[in-house]
Amino acid sequence: MNRTPTRTLEKARLDGARVTLEPLGQEHLEGLANAIEDGRLWEIPVTFVPHPQDLAAFVEQAEAAFCDGRELAFAIIDKASGKVAGSTRFRCIDFGHQRAEIGFTFLGQSWQRSHINTEAKYLMLKHAFECWGLNRVELLTDVLNDKSRAAIARIGAREEGILRNHMVMRDGRIRDSVVFSIVRAEWPEVAVLLAQKIPPVPIVAAADSSNSVPDLNHCSPGLAHSQPDCLTGF
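The sequence shown begins at 2 in my numbering and counts up one residue at a time.
1. Determine the direct distance from the alpha carbon of P46 to that of I172, and round the result to whole angstroms.
2. Should the segment 118–132 be called in touch with the segment 173–182, which here means at least 3 C-beta pairs below 8 Å?
3. Below 6 Å CB to CB, which residues in the same chain sit around L124 once its five sequence neighbours on both sides are set aside?
4. Under a three-way DSSP split, which group does F96 fall into?
5. Please determine if the segment 93–106 and the segment 28–38 are in contact, where contact requires at least 3 C-beta pairs separated by less than 8 Å.
6. Output the boundary residues of the alpha helix (DSSP H) element that contains L164.
7. What are the boundary residues of the alpha helix (DSSP H) that includes T48?
8. Can you tell me where the beta strand (DSSP E) with A1 in it begins and where it stops?
9. Can you tell me which of the three DSSP states P24 falls into?
10. Could you compute how far the alpha carbon of Q99 sits from the alpha carbon of R137?
11. Label V169 either buried or exposed according to how many other C-beta atoms from any shown protein chain fall within 10 Å of its C-beta, with 16 as the threshold for buried.
12. In whole angstroms, what separates the C-alpha of S211 from that of A129?
13. According to DSSP, is S111 part of a helix, a strand, or is it coil?
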């Protein structure tokens, strides 16, 4: 049965109290390199964090995937410092089946185990369920990545199972991936849980109206890109 496409994939700037997610671009290269070097993230064997020298290609790949309607990548901006804390993205976006994956998330060591990841996930899930109207958001991680598994569980995602021999890592190891998900019916409860975890701030700066990228409330309908099934990694 044919699925009727319902919207186009558009870039969006997601603005929170302490975190802003900006569509990833060349202007973020220096800040992203600094974040990756903070903890030498590319050396962590259970992730796919790029080496700083490979960041230009990383950003170009993200833009190509956006143009294909498959992905929307962000730079994670810490509002307090104005620095790039890391990156994350929507992957395997399928508006026909009303689902997407959140993945390729990494943060510089200075921002790990802080509110940054929690608020970034809140902004993305809110966009997925309330703007795009998705039914399901998936999150995957390496079965050996205990930190990531715990972080995903803390945001209220449900563990569904393990994909055996799912991926080949850079060192040749055959990775098993753990699949988590949040579905639309669970989002109101998850939203409350996440909101309680985000520290309040006295004043929330107004969004920069000169920015040409749509904000969180921009949810215009259009024609979607049709996507195949896709399970990758966190």
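Just so you know, even glycine gets a beta-carbon here, dropped at the ideal spot from N, CA and C.
Inspection of the coordinates gives the following:
1. One point to set straight first is that residue 172 is Asp, not Ile, in the sequence displayed. Rounded to whole angstroms, D172 to P46 spans 8 Å at the Cα level.
2. When C-beta atoms of the segment 118–132 are compared with those of the segment 173–182, fewer than three pairs fall below 8 Å, so the two segments do not count as touching.
3. Residues L15, G17, L22 of the same chain have their beta carbon placed closer than 6 Å to that of L124, with the five preceding and five following residues left out of the count.
4. DSSP places F96 in coil when its eight states are reduced to three.
5. Segments in contact, no.
6. Counting along the chain, L164 falls outside any alpha helix (DSSP H), though it belongs to the beta strand (DSSP E) covering 159–169.
7. No alpha helix (DSSP H) holds T48; DSSP gives it neither H nor E.
8. Not covered by the structure: residue 1. The range shown for the chain is 2 to 235.
9. Strand, per DSSP.
10. The straight-line gap from Cα to Cα measures roughly 7 Å.
11. It counts as exposed.
12. Since pLDDT at S211 reaches only 40, below the 50 mark, its modelled position is unreliable, and no value is offered.
13. Helix at S111.
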